[in-house]
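Enquirer: The following block contains the structure, expressed as structure tokens.
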Amino acid sequence: MYLLEHPEKVAEDGFLAMAAGIWFYMTPQDPKPSMHDVMTGFFVPNAKDKAANFGATFGTTINIINGGYECGNGSSKSVSRGQYYTKWLEFFGMPAEPSGIGCANQRSSFPVGGTGDTPGYWTKVWDGTAKC
Numbered sequence: 001m002y003l004l005e006h007p008e009k010v011a012e013d014g015f016l017a018m019a020a021g022i023w024f025y026m027t028p029q030d031p032k033p034s035m036h037d038v039m040t041g042f043f044v045p046n047a048k049d050k051a052a053n054f055g056a057t058f059g060t061t062i063n064i065i066n067g068g069y070e071c072g073n074g075s076s077k078s079v080s081r082g083q084y085y086t087k088w089l090e091f092f093g094m095p096a097e098p099s100g101i102g103c104a105n106q107r108s109s110f111p112v113g114g115t116g117d118t119p120g121y122w123t124k125v126w127d128g129t130a131k132c
């Protein structure tokens, strides 16, 4: 509850910033899968995902991060993210991703009934705190 009331603390505290980043990377947010699941291959797109051009690609992670602003509209920011990702792959001597670097061909939101569309288990208790 404290961070909900004081979101500026994340920007002021390195530990909180890192913890928040890891939480975002690891946690699916219905209807989105987690970035971790996409990058490690645990996200297996179903027919609805494939019909909407969502795959286990870097472009899908862009959509998880900022899809509403960067995907489906030709955003230069998503293109830049893909270019940086490709350069990091080259730097570490890893194979290039053959397709799906960007998200221009994806909607700005994940499909209902897609693989990531699973119910979360966050509940609000009577004292106002969120618990899993």
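The sequence shown begins at 1 in the numbering used here and counts up by one.
We put the beta carbon where it would ideally sit given N, CA and C, even for glycine.
In the DSSP assignment, what residue or residues form a beta bridge with Gln29?
Expert: Paired residue(s): Lys32.
Enquirer: Near Val79, which residues of its chain fall below 7 Å by C-beta distance, leaving aside the five closest residues on each side in sequence?
Expert: Within the same chain, Val79 has close Cβ partners Gly102.
Enquirer: Round the Cβ separation of Ser108 and Gly59 to the nearest angstrom and send it over; I've been treating them as touching at under 8 Å.
Expert: Not a contact, Cβ separation roughly 12 Å.
Enquirer: I'd like the list of long-range same chain contacts for Ala52, defined as Cβ closer than 8 Å, with 5 residues on each side in sequence excluded.
Expert: The residues are Gln106, Arg107, Phe110, Pro111 and Gly114.
Enquirer: Can you tell which of Ser76, Ala96, Asn46 and Met35 has the C-alpha that lies nearest to the C-alpha of Ile65?
Expert: For Ile65, the nearest C-alpha among the options comes from Met35.
Enquirer: Could you give the uninterrupted runs of the alpha helix (DSSP H) lying entirely in the stretch 39 to 76, keeping only those of 4 residues or more?
Expert: Those alpha helix (DSSP H) runs which fall completely within the stretch 39 to 76 and span 4+ residues are 47 to 51 and 58 to 70.
Enquirer: Mind checking whether Phe43 and Pro33 have CB atoms under 9 Å apart?
Expert: Yes. Within cutoff.
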